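These notes concern the structure reproduced below.
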Amino acid sequence: MRSTCFLSLLHVVVLLALFNVPQVKAEDPYKYFTWTVTYGTLSPLGSPQQVILINGQFPGPQLDLVTNNNVILNLINKLDQPFLLTWNGIKQRKNSWQDGVLGTNCPIPPNSNYTYKFQAKDQIGTYTYFPSTQLHKAAGGFGALNVYHRSVIPVPYPYPDGDFTFLIGDWYKTSHKALKASLDSGKSLAFPDGLLINGQTHSTINGDQGKTYMFRISNVGMSTSINFRIQGHTLKLVEVEGSHVIQNIYDSLDVHVGQSAAVLVTLNQSPKDYYIVASTRFSKRVLTTTALLHYSNSHSPASGPLPNPPSYQYHWSVKQARSFRWNQTANAARPNPQGSYHYGKITPTKTILLENSAPLINGKLRYAVNKVSYINSDTPLKLADYFNIPGIFNVDSIQSLPSNNGPAYVATSVLPTSLHDFIELVFQNNEETMQSWHLDGYDFWVVGYGFGQWTPTKRRFYNLVDAMTRHTAQVYPNSWTTILVSLDNQGMWNLRSAIWERQYLGQQLYLRVWTDQHSLYNEYDIPTNVLLCGKAVGHPL
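Numbering (the numbering used here), first residue to last: 3 to 543.
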């Protein structure tokens, strides 16, 4: 009897062991990287200048991941200044500890290192990374971050025959230290000197006639919106910052600062070379750069005029932006359709209106949100929150509506919110310049664009059915843009201008998404390798 029971128990144990084997093998894989950040001398616009290299590369290495990959990335800083990278569009689920901005992380000192640990959780799409410290972005240190789908999750288009990345952005010949000194003195930056595609003014993409290729386009510049087009070819939009979209055909695309998009391009023209064109939008002086699309069977160089840009008017760009719609029958990074979450039927818990401005404070140019110009603390807000260090940030400065009374002032501003709030966030731009806003840790539904002043009556123009989600939204001059955000990711999250001069001089704040119930289901514990600085030095982990 005992022998029979023992054999039965052994049989159960063996079955359980076998059952668990696939679970171990199916664990999302880890990818390990070591990146070294150094200075180098290159001539992106024809004259030698100092740039920031990662592993000797400008732009930095392309980070190709698969949905749910775990990334262990050791970053070694060989610059003469503290340095951080932020992962633009990676949601960092439950993990603002790895966000790579000064409100969450101490910068990596010179000749030191920090190991980032994060997961591309439930994401597919086109993203970037770049330096979040000082004006380092103006010297390089940026790169592509592409998240591909798992084999068990289909994408809503035929697999392309190739995949090309286009990192497009404005560029200065002036060093990043001189640009920073100019801003510190209260002067705005001059208009950029040129445009680059993948760090160059001349490059070539090779493809075969009749085949279809994925072109991933990201605006990694400092300040200017960019229009992207290809001579003789159309662009089928398929993905925007992790959202699969209705696959409309465009002759050109406006990509604003900090934004990314992916298009399919079919090489269906006569075999020759064609111009790939990027040019600035809404600028008195138009900067243009080109690359070449080379058919493998071509023996003819590119010729003829460059394809014309769209009309200057903002209405054209707004109309295009409103045409970007969520593909609700497509899955996201999970099997469930994107449209299974009915965002338009949820009543927001609060409305937050944020108005940007460019005041003088103590005689110097600053940028502000609701008349508050953000200043970084020596102690990251995330650490101050964790260690209960008082006096680091102010939760009363940013209000839901801007005040018309009193002058602008500086503060380390934090907007308190609660975990699982569903908020309506309105960006009001009363200036004559384009704005671009980014929220770390989230994507959000862009439900409305409009001219003039936002009022509650504008809600009747919202798209509450198939607005796509993204992480960076543009706001046109003298206009407003509304987003809806489900605050399901606990942490301290940076809400900032993607136009780096404005971010540096105060057009940013942090959302404190909080619950007093401590749970690893909501947020991971503080990393064991966390860097401590400011008033956090000496605190035990």
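Even glycine gets a Cβ: it sits at the ideal position worked out from N, Cα and C.
Keep in mind the model is a prediction, meaning the values are calculated, not measured.
- When the alpha-carbon of A538 is set against those of T291, T69, P46, C108, the nearest one is in C108.
- Here the region 88–102 makes no contact with the region 350–362; the two share fewer than three CB pairs at distances below 8 Å.
- When the Cα atoms are used, Y343 and A334 turn out to be separated by approximately 11 Å.
- According to the DSSP assignment, R336 belongs to no alpha helix (DSSP H), since it is labelled neither H nor E.
- Across the structure, T38 and G102 are spaced so that their CA atoms are roughly 16 Å apart.
- Per the Cβ contact rule, the region 136–145 is in contact with the region 492–508 (3 or more Cβ pairs under 8 Å).
- For a cut-off of 8 Å, the C-beta gap from Q233 to L308 is around 7 Å, short enough to register as a contact.
- Between G536 and V515, the CB-CB gap reaches or exceeds 7 Å.
- If you draw a straight line from the Cα of D210 to the Cα of M216, it comes to about 13 Å.
- In the DSSP annotation of this structure, the continuous segment of the beta strand (DSSP E) that includes Q121 starts and ends at 114–121.
- Positions of the beta strand (DSSP E) runs, each at least 3 residues long and wholly inside the region 389–436, are given as 411–413, 416–420, 424–431 in order along the chain.
- In the three-state reduction of the DSSP assignment, K189 falls in the coil class, being assigned neither a helical nor a strand state.
- Secondary structure at G346: helix, using DSSP grouped into helix, strand and coil.
- With contacts defined as CB atoms closer than 7 Å, Y129 and L104 fail to qualify as a contacting pair.
- Its Cα nearest to that of S319, the residue Y451 stands out among Y451, N70, N115.
- Straight-line spacing of the CA atoms in T530 and K96 works out to 16 Å.
- Looking at the backbone, the Cα of Q271 and that of H235 are separated by about 8 Å.
- Counting along the chain, the unbroken alpha helix (DSSP H) around S319 starts and ends at 316–324.
- Counting other Cβ atoms within 10 Å of its Cβ, T459 stays below 16 and is therefore classed as exposed.
- Among the bridge pairs identified by DSSP, G171 is matched with L198.
- The beta-carbon separation of N431 and V477, rounded to 4 Å, stays under the 8 Å limit for a contact.
- Annotated three-state conformation of E357 is strand, per DSSP.
- If you keep only unbroken beta strand (DSSP E) runs of at least 3 residues inside the region 37–101, you get 51–56, 65–68, 72–79, 87–90.
- DSSP places W482 in the uninterrupted beta strand (DSSP E) bounded by 481–488.
- When rounded, the separation of the alpha-carbon atoms in V242 and M224 is 20 Å.
- Along the length of the region 274–298, whole beta strand (DSSP E) runs at least 3 residues long occupy 275–282, 290–297, reported in chain order.
- Counting only the Cα atoms, T414 lies some 22 Å from I425.
- Y464 places its beta carbon 7 Å or farther from that of V487.
- Contact between A410 and S379 is ruled out by a C-beta separation of about 19 Å, above the 8 Å threshold.
- Q455 and W482 have their C-alpha atoms roughly 7 Å apart.
- In the displayed model, P158 falls within coil according to three-state DSSP, outside both helix and strand.
- Burial state of Q437 is buried, judged by a 10 Å Cβ sphere holding 16 or more other Cβ atoms.
- In the structure shown, T381 adopts coil according to DSSP, grouped into three states.
- Counting the other CB atoms within 10 Å of its CB gives A469 a total of 16 or more, which places it among the buried residues.
- Distances from the alpha-carbon of T40 to those of R324, Q125, Q83 put Q83 closest.
- Short of 6 Å from the beta carbon of W439, and not among the five residues preceding or following it, lie these beta carbons of its own chain, in chain order: F429, A475.
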